[in-house]
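With this note's numbering as the guide, the letters of the sequence shown map in order to residues 3 to 152.
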Amino acid sequence: MKYFFLALFLISCNTNSKNKKEEIIRKTDSLFPVREYKIITDSTNILENKTQTLELQYTVWGCACANWITTNDAKKNDDSNFLKRHIFIEPSDSILYIPDSTFDFGKENILVTGRFYKRQDYPQGTIEMEEPLEKAKVFRYSKIKVVKKK
């Protein structure tokens, strides 16, 4: 009988860890010998099938928030949902970087092609911060191009 309860306990622990695994990374930097960071991205989130091309502009916030919005959503006059329309973006490859000129407000946007994740989340590898970060839609892009604002 005691083996039955032991087996039951081991099975229940094993199935819970498969659903969402908490990931902790350890990094060393010049100020702190070893720091632990908790990854808050949901590793079980998957991409939608639909590929889209979006024109995005960058927004600066006074909080830890998603900071990209489509140019069409930015033009809407609904201030109550303005923050909710913002998204996170992540590259599908490390060579797909965002040029610094994009952050020179008022001049350039980016045109990205890719797919959204099915559930709201954080970009891959996002670490837990002191300030809580609200989940938002995440767009994983495979192509990026800088375009002049219209």
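By construction, the Cβ of each residue, glycine as well, lies at the ideal position given by its N, Cα and C atoms.
Distance, residue j Cα to residue i Cα
i       : j       : result
Gln-59  : Thr-53  : 19 Å
Pro-101 : Ala-76  : 21 Å
Asn-16  : Ala-138 : At Asn-16, the pLDDT of 41 sits below 50, so the modelled position is not reliable; the number obtained from the coordinates is stated separately. If you take the alpha carbons of Asn-16 and Ala-138, they lie about 30 Å apart.
Thr-61  : Phe-84  : 11 Å
Ser-19  : Gly-64  : Any reading at Ser-19 is ruled out, since the residue's pLDDT is 39, under 50, leaving its predicted position unreliable.
Asn-79  : Gln-122 : 24 Å
Leu-10  : Ile-42  : At Leu-10, the pLDDT of 36 sits below 50, so the modelled position is not reliable; the number obtained from the coordinates is stated separately. Approximately 29 Å between the Cα atoms of the pair.
Thr-115 : Ile-146 : 7 Å
Glu-50  : Lys-109 : 31 Å
Lys-40  : Val-149 : 36 Å
Trp-70  : Ile-91  : 7 Å
Glu-130 : Ala-66  : 11 Å
Asn-111 : Leu-98  : 15 Å
Lys-151 : Leu-56  : 13 Å
Pro-134 : Tyr-124 : 12 Å
Asp-81  : Glu-136 : 18 Å
Val-140 : Ile-89  : 6 Å
Glu-132 : Ala-68  : 16 Å
Glu-38  : Ser-96  : 23 Å
Residues sharing a beta bridge with residue i, DSSP
i       : result
Leu-85  : In DSSP, Leu-85 forms no bridge with anything.
Thr-55  : Thr-115
Thr-72  : Leu-58
Lys-150 : Glu-110
Ile-48  : According to DSSP, which records beta bridges pairwise, Ile-48 is partnered with nothing at all.
Integer-rounded CB distance, given that residue j should sit under 8 Å from residue i
i      : j       : result
Arg-87 : Arg-117 : Contact flag wrong, Cβ pair sits at about 18 Å.
Asn-47 : Lys-120 : 6 Å
Ser-45 : Ser-94  : Contact flag wrong, Cβ pair sits at about 16 Å.
Starting from the N-terminal side, write out each stretch of the beta strand (DSSP E) that is 3 residues or longer and does not extend beyond the stretch 93–148. For secondary structure counted as the beta strand (DSSP E) over 3 or more consecutive residues, the stretch 93–148 holds these complete runs in sequence order: 110–118.
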